[in-house]
Structures are given as C-alpha cells and as structure tokens.
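Notes follow once the structure below has been shown.
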Ligand SMILES: CC(C)(COP(=O)(O)OP(=O)(O)OC[C@H]1O[C@@H](n2cnc3c(N)ncnc32)[C@H](O)[C@@H]1OP(=O)(O)O)[C@@H](O)C(=O)NCCC(=O)NCCS
C-alpha cells in the first residue's frame, strides 16, 4: 500500500467514492469544486494503481484542524487503511503546529479507536460553523463531534 498526497487525476476516483457513501447517508457529499479546492488537504491510499482510500485534514484556525472526506472503498474496509490515513493526517498536522483535531462523523467507534473523544458541538470553536452554514443539513446536524487533543 502506498500513501501519498492526492493529485488532480485522483479527483475522478475520490468523487464517486465519497458520493456513493454520501448517498447512503454515511458522510457528507463533496462537490468536485470542493475537492479541487481542498486537493492539497488530501492523501490517498493506493494499491496496485487503484485508489482504495482518501482522507483530508483541513486547517480551520490557530492550532485546530478538521479530519474530513474520509472514505475507504467498501472492498478494502477493516484493513486499517482508514486508521493509517488518519494517523498520517495527524502526524502531518502536528508538524504544522496543529494541537486539536476534530471530526464530525457517523462513525464514532472508528474515531474512538484512534483516541478521539466525543464532545458536544458547542465545544468546537465558532470558526468551525462557517462551513456548516453551507451544509444541506444545517441547522439540523446529526453528526457526532469528536476531538483528539494533546
Ligand atoms: C469509517 C471508515 C473510514 C473506516 O475505515 P477502515 O479502513 O475500514 O477502518 P480500519 O480498518 O482502519 O478500522 C480501525 C478500527 O476502527 C474500528 N472500526 C472501523 N470500522 C468500524 C465499524 N464499521 N464499526 C465499528 N468499528 C469500526 C475498529 O476498532 C477497527 O479496528 P479492528 O478492525 O482492528 O477492530 C470506512 O469504513 C468508510 O469509509 N466508511 C464509509 C464512509 C465513512 O463513514 N467515512 C467517515 C466519515 S467521517
């Protein structure tokens, strides 16, 4: 398995992967525009030329970043690809000075296994809500907020 920064030609694989899970209600959809604009946030897992997973770390404010756009192809789940992607995103973020990592998720067991703790959404900094306003679910968010901090 190779873990590497996402490149432009990966978008046409990442988009349907995320879209499919979004249709199942497992994560939020990302438009191609959002994916292109945040391409530098993302890393992918690639095996024999096939993209099997993706995840992004989006810097939100001083010392805080969001783990987002995390998806592992169905046939490749439970091979620790998702946890490897998140661990790498966290290691990269720490190098930049990120102290708090949060996520909004429907998969609390997965994030708990990586040390994230559930918090109430109002424990997240106000800046986080800027992006929520654009979410189709706003203000009825049913995702679970989780934080990993030092
Ligand atoms: C959630 C997801 C990213 C996990 O990726 P993965 O590569 O399958 O996860 P891992 O193999 O790294 O799992 C690590 C640990 O998390 C926990 N875990 C993972 N998936 C789980 C699940 N469906 N239910 C309960 N625990 C789970 C387990 O403790 C697992 O360790 P174990 O297999 O040794 O028991 C993947 O299932 C996925 O893409 N799901 C659909 C999209 C999605 O929900 N994305 C997250 C949006 S924030």
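Numbering (our numbering), first residue to last: 821 to 970.
Glycine included, C-beta positions come from ideal geometry on N, C-alpha and C.
Going by DSSP, residue 908 is part of the alpha helix (DSSP H) stretching over 901-916. For the pair residue 876 and residue 862, the CB atoms are nearer than the 9 Å cut-off. In this structure residue 922 does not touch residue 865 by the C-beta definition: roughly 22 Å separates them, more than the 8 Å allowed. Take residue 852, set aside five residues on each side of it, and the residues of its chain with a beta-carbon closer than 8 Å to its own are 831 and 835, in chain order. Looking at the DSSP output, residue 887 shares a beta bridge with 877. Between residue 873 and residue 848, the C-beta gap is not smaller than 9 Å, which leaves the two residues out of contact. Taking the Cα positions, residue 837 is about 7 Å away from residue 893.
For ligand 1, a non-hydrogen atom lies closer than 8 Å to the CB of residue 890.
DSSP lists 967 as the beta-bridge partner residues of residue 937.
Taking the C-beta atoms as reference points, residue 821 is found nearer than 9 Å to residue 901. Considering only 967, 930 and 913, the residue with the shortest C-alpha distance to residue 944 is 967.
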